[in-house]
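One structure below.
Numbering (this note's numbering), first residue to last: 10 to 467.
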């Protein structure tokens, strides 16, 4: 027997203070984990000199890519696990281990050891990507409040990877690559007390604990404990795969998010080639190229709030379109798609010696940052709205697919930009992003058919 306690009953038990703890803990986990994904990006020169590895070697890409391999594997286990054991033990445990493995990176004696600890840190840091949407769905019942909480989470998650190379570029030049990880550890340690205060939020766990209803159900059904546990674990681990295979909404949302996410990690490899190769900028100055992306992310966040206010006003005036759930989220993704296509187009056309580097990095960065956050906010919150109870499994599947893309695409950056040149490499990105931009429009047009076929909605 599968229990499905009403969320509203559980949400009413949380005090205002507990809700703030839940919100802030999710943001802390997101900032540390996403910043860690790109933390060594600005320290490539320092790492290559210390370990005697050519900075242009594919081996240097591994220090970021193995972290993203952890991002790929982890959500498939911990997303569904949070729907079985609860949100608290999964998030608290993973964040604590992230801090420990970041410490290990700072003292790693060899490059192989550093890569090992980076993989383990990534495995721990990926958990919030799969769990926080479910965490916020547990606590914030109102779609508007939940949307704002997820928007803050996405703002922090989007700024984190951009802070990594910006900080490490200056830290590695002034101090050393080890201090890059010491600073990452300090930031993680500041958030530990708040994360440890996180209460359990998952309604199924809160309602079954006192009565131990799960044990009763197992006894009534005549199943042995071990076989029931195996069956439950099997269902838990295979659910994200089943959802991707059966749910077009989840599949195509994940593919779109994967491409946009991988583009950002591609830029971590491409910017040193473009701005270092064409303009001769140093490692720390190349890090400044990520500032316009951060500005674009902030602009996209402001646009999200403006649209939320517009939607709320239209709903109050009883406009018919506000009754369609897709129109609450997806118009932002429709706007973000063209921004993503414009960014590499402008970069490819203007990154040349005769044009100041600030022009190409500023305009393309603002467009990319704006499109990035609009697409992520719209698509991820939309997934949480569609797959309410199974939102953690849906987010786990989406996180795994986009993390896999972020592992693979950066390896293509050196060959792609050296063989095709900056202009034509960017045109390839423009073509793919233009095709992907059609996905939210299709969701809007075929919304009734897609929802009717969903086996996991609600």
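Don't be surprised by glycine CBs; every beta carbon is placed ideally from N, CA and C.
Please work out which residues of its chain come closer than 7 Å, Cβ to Cβ, to residue i, disregarding the five sequence neighbours upstream and downstream, and give them in chain order.
i           : result
residue 343 : 449 and 450
residue 177 : 48, 49, 50, 51, 52 and 189
residue 88  : 139, 140, 249, 401, 402, 404 and 405
residue 324 : 331
residue 458 : none
residue 81  : 409, 412, 413 and 416
residue 363 : none
Cα-Cα, which of the options is closest to residue i?
i           : options               : result
residue 276 : 95, 176, 51 and 34    : 51
residue 103 : 113, 116, 78 and 131  : 131
residue 73  : 437, 452 and 126      : 126
residue 78  : 441, 415, 446 and 432 : 415
residue 421 : 22, 67 and 315        : 67
residue 156 : 430, 356 and 341      : 341
residue 382 : 251, 123 and 269      : 269
residue 259 : 393, 281 and 59       : 393
residue 247 : 399, 431 and 58       : 399
residue 296 : 54, 82 and 33         : 54
residue 287 : 252, 366, 85 and 278  : 366
residue 46  : 32, 70 and 33         : 70
residue 252 : 395, 300 and 37       : 395
With residue i as the anchor, note down where its alpha helix (DSSP H) starts and where it stops.
i           : result
residue 183 : 152 to 183
residue 70  : Unbroken run through residue 70: none, as it is neither H nor E.
residue 452 : 448 to 454
residue 31  : 25 to 47
residue 314 : 300 to 325
residue 54  : 53 to 60
residue 50  : From DSSP, residue 50 is part of no alpha helix (DSSP H); its letter is neither H nor E.
residue 143 : 136 to 148
residue 203 : 186 to 205
residue 278 : 257 to 280
residue 393 : 366 to 395
residue 108 : 96 to 115
Under 8 Å by Cβ, that's how I've got residue i and residue j pegged, so tell me the actual separation to the nearest angstrom.
i           : j           : result
residue 141 : residue 162 : 6 Å
residue 369 : residue 353 : Not a contact, Cβ separation roughly 11 Å.
residue 56  : residue 186 : 5 Å
residue 97  : residue 209 : 4 Å
residue 273 : residue 170 : 6 Å
residue 388 : residue 262 : 5 Å
residue 418 : residue 198 : With a Cβ gap of about 32 Å, residue 418 and residue 198 do not count as contacting.
residue 412 : residue 135 : 7 Å
In its own chain, which residues sit with a C-beta less than 6 Å from the C-beta of residue i, not counting the 5 before and 5 after it?
i           : result
residue 379 : 305, 308, 309 and 348
residue 221 : Bear in mind that a pLDDT of 48 at residue 221, under 50, signals an unreliable position, so the number given afterwards is only what the model happens to contain. Here the set comprises nothing.
residue 265 : 445 and 448
residue 43  : 166, 169 and 170
residue 206 : 30
Excluding the 5 residues preceding and the 5 following residue i in the sequence, name in chain order all residues of the same chain whose CB lies nearer than 8 Å to its CB.
i           : result
residue 191 : 115
residue 128 : 75, 76, 78 and 79
residue 219 : Since pLDDT at residue 219 reaches only 49, below the 50 mark, its modelled position is unreliable, and no value is offered.
residue 316 : 340 and 341
residue 99  : 87, 90, 91, 136 and 140
Within 10 angstroms of the Cβ of residue i, are there 16 or more other Cβ atoms? Answer buried if so, exposed if not.
i           : result
residue 406 : buried
residue 321 : exposed
residue 289 : exposed
residue 183 : exposed
residue 313 : buried
residue 327 : exposed
residue 24  : exposed
residue 444 : exposed
residue 26  : exposed
residue 346 : buried
residue 280 : buried
residue 408 : buried
residue 119 : exposed
residue 454 : exposed
residue 133 : buried
residue 360 : buried
residue 151 : exposed
residue 357 : buried
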